[in-house]
Amino acid sequence: MSDGNSSVKKLDQLKHLIQKKSIKWGADLVGFADVERFKRYPEENRPSEGTKTVIVLAIWMEDPILDLWLHPPSWKQQGKSDRAFEDEILRGVSLRLSLLLEREGYWTEPAPNKPRIYLKGAGVLAGLGFIGKNNLLVTEKYGPRIRLRGVNTNASLKPDPIIESLDFCRECNKCVDACPADAFDTGQYDREACLSYCESNLEEVSQYSVLWCKECSNVCPIGEKG
10 MSDGNSSVKK LDQLKHLIQK KSIKWGADLV GFADVERFKR YPEENRPSEG TKTVIVLAIW
70 MEDPILDLWL HPPSWKQQGK SDRAFEDEIL RGVSLRLSLL LEREGYWTEP APNKPRIYLK
130 GAGVLAGLGF IGKNNLLVTE KYGPRIRLRG VNTNASLKPD PIIESLDFCR ECNKCVDACP
190 ADAFDTGQYD REACLSYCES NLEEVSQYSV LWCKECSNVC PIGEKG
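With the sequence shown counted from 1, adding 9 to any position gets you our numbering.
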């Protein structure tokens, strides 16, 4: 076997190992995107220099408690919040994945805040789904009820095919009709209207924990629900 074929086989085995371990550690979906696919975005929204593959991890929001936001007593005054459970699970997966890749001899990093990639867009580029009318990544298995995290690496892993034909939203407007913020009234997603409504209508679960509005996810008929 030539060195080229041997290298390809090794990378294919590594990709399979990443998929297997990520699922074992807590992710529900794993996708791979070649860095060249990110050229559609401005430079400040592309992966870090040296990246060849972005691994996108997704976790299914099987229970609303996974989407609970925790905050200190001064949260409302400071306007800050830290999402807890599901993000901590994915953070743990991404760190363990980074260690695995480093042991295999590759540079890697959990996707940083700067440069900041669009995780929903990265999910599309990694073949996990498409952007729905609710402006969320919609997957065939779980619909939009997922959270995402990315891992950058210089390993040239085979990218997953982008889903070109799957569009469950074409004849459906359930998320548009259900939105309490009327964030889709103009025919396009109004981010400011969405955020303003969500921040003003947090569901307080306890003194220090809140839930964000998820109406557009809850009514989506695609995928499994908890």
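C-beta atoms are modelled at their ideal positions from N, C-alpha and C, and glycine is treated no differently.
Please go through the same chain and pick out, in chain order, the residues whose beta-carbon is closer than 7 angstroms to the beta-carbon of residue i, but skip the five residues on each side of it.
{"i": "Gly136", "result": "Gly40, Asp169, Pro170, Ile171 and Ile172"}
Here's the rule: buried if 16 or more other CB atoms are within 10 angstroms of the residue's CB, otherwise exposed. What is residue i?
{"i": "Glu201", "result": "exposed"}
{"i": "Tyr151", "result": "buried"}
{"i": "Lys142", "result": "buried"}
{"i": "Gly235", "result": "exposed"}
{"i": "Asn14", "result": "exposed"}
{"i": "Gly59", "result": "exposed"}
{"i": "Arg154", "result": "buried"}
{"i": "Glu233", "result": "exposed"}
Please go through the same chain and pick out, in chain order, the residues whose beta-carbon is closer than 8 angstroms to the beta-carbon of residue i, but skip the five residues on each side of it.
{"i": "Pro124", "result": "Glu52, Glu53, Asn54, Arg55, Pro56 and Ser57"}
{"i": "Arg105", "result": "Lys30 and Trp34"}
{"i": "Glu111", "result": "Thr117"}
By Cβ distance, which residues of its chain are closer than 6 angstroms to residue i, with the 5 residues on each side in sequence left out?
{"i": "Asn144", "result": "Tyr198"}
{"i": "Arg156", "result": "Ile68 and Glu95"}
{"i": "Leu38", "result": "Ala67 and Leu137"}
Could you please give me the residues that DSSP links to residue i through a beta bridge?
{"i": "Ile42", "result": "Going by the sequence as given, residue 42 is Ala instead of Ile. DSSP, once it has assigned bridges, lists Val63 as partnering Ala42."}
{"i": "Leu157", "result": "Ala67"}
What residue from the options has the CA that sits closest to residue i's CA?
{"i": "Asn161", "options": "Leu211, Lys61 and Asp21", "result": "Lys61"}
{"i": "Ser103", "options": "Met70, Ala36, Ser16 and Ile74", "result": "Ala36"}
{"i": "Leu134", "options": "Glu212, Asp43 and Asp96", "result": "Asp43"}
Segments assigned beta strand (DSSP E), at least 3 residues, entirely inside the segment 192 to 232: If you keep only unbroken beta strand (DSSP E) runs of at least 3 residues inside the segment 192 to 232, you get 212 to 215 and 218 to 220.
Minimum length 3: unbroken beta strand (DSSP E) runs contained in the segment 119 to 187: Listed in chain order, they are 155 to 162.
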